[in-house]
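Every position in the sequence shown, counted from 1, becomes a number in my numbering once 15 is added.
Data block below; observations after.
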Amino acid sequence: MSAVDLGERALEADRRRLLALLTEKSYAKKKVVLSSGRESDFYVDCKKTVLTAEGHWLVGRLLLDAISRNAPAAVGVGGLTMGADPLASAVSLVSHLAQRPLQAFLVRKEPKGHGTGQWIEGRTSLADGAKVAIVEDVVTTGASTIKAVERARAEGLTPVGAFALVDRLEGGREAIAALGVPVFALFTREDFPR
């Protein structure tokens, strides 16, 4: 068996493990009102998984692989605070360990209230026009990812892909893609119990 085959097997095992963690720690079959205002009969709180040591590692490894395959020109990774914060951290850390460093950045929901009034933390580590990957924990309508894409563009960055842990399959992917940014998700609603 080749090293490539072994690498693929390891990634698939990591994917299965991350799905198991998300299902165990983050998924709940219950009525909730989402941030979009929509009602749903299930909820996925990815932070409950991503903030564990194992979850952080798995998310970083799997999102880095997705970014490397689908947006290889990206030199930065970030998204709208707070959902994207641990994802960007995980990917940046794992990318450094893999000797393919991606600089992390965080997009504020409003400009910093003091000092320079900046919108993006970590922006100074990225050159003007730098290609970046936008990350998101859960995509529903796509509103958070769209805000991150628009703010990154306004601040001189070039989003080349959006990467989510979970796509709820409720129109967000299409809304983001309408901005010219392809969307990739590690999992969809179909991967979780009904």
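Cβ coordinates follow ideal geometry from the N, Cα and C atoms, glycine included.
Computed from a predicted structure; not experimentally measured.
Asked                                                                                                                          : Found
Burial state of R166 (16 or more Cβ within 10 Å)                                                                               : buried
Contact check, G195 vs V154, beta carbons under 8 Å                                                                            : no
Reference G93; option with closest CA among L184, I149 and R32                                                                 : I149
Contacts around T64, its chain only, beta-carbon distance under 6 Å, and the 5 residues preceding and following it disregarded : L36, L37, K40, S41 and G70
For E165, three-class secondary structure by DSSP                                                                              : helix
Between the CA atoms of S159 and V109 - distance to the nearest angstrom                                                       : 24 Å
Nearest to E189 (by Cα), restricted to the options A200, T203, D152 and G157                                                   : G157
Inside the segment 93-152 only - alpha helix (DSSP H) runs reaching at least 4 residues                                        : 100-112
Residue environment, V47, which counts as buried when at least 16 other CB atoms sit within 10 Å                               : exposed
D182, DSSP secondary structure in three states                                                                                 : strand
C-beta contact flag for Q118 and S107 at 8 Å                                                                                   : yes
Outcome for E151 when other beta-carbon atoms lying within 10 angstroms are tallied against a minimum of 16                    : buried
Residue closest to G98, alpha-carbon to alpha-carbon, out of A89, A113 and K124                                                : K124
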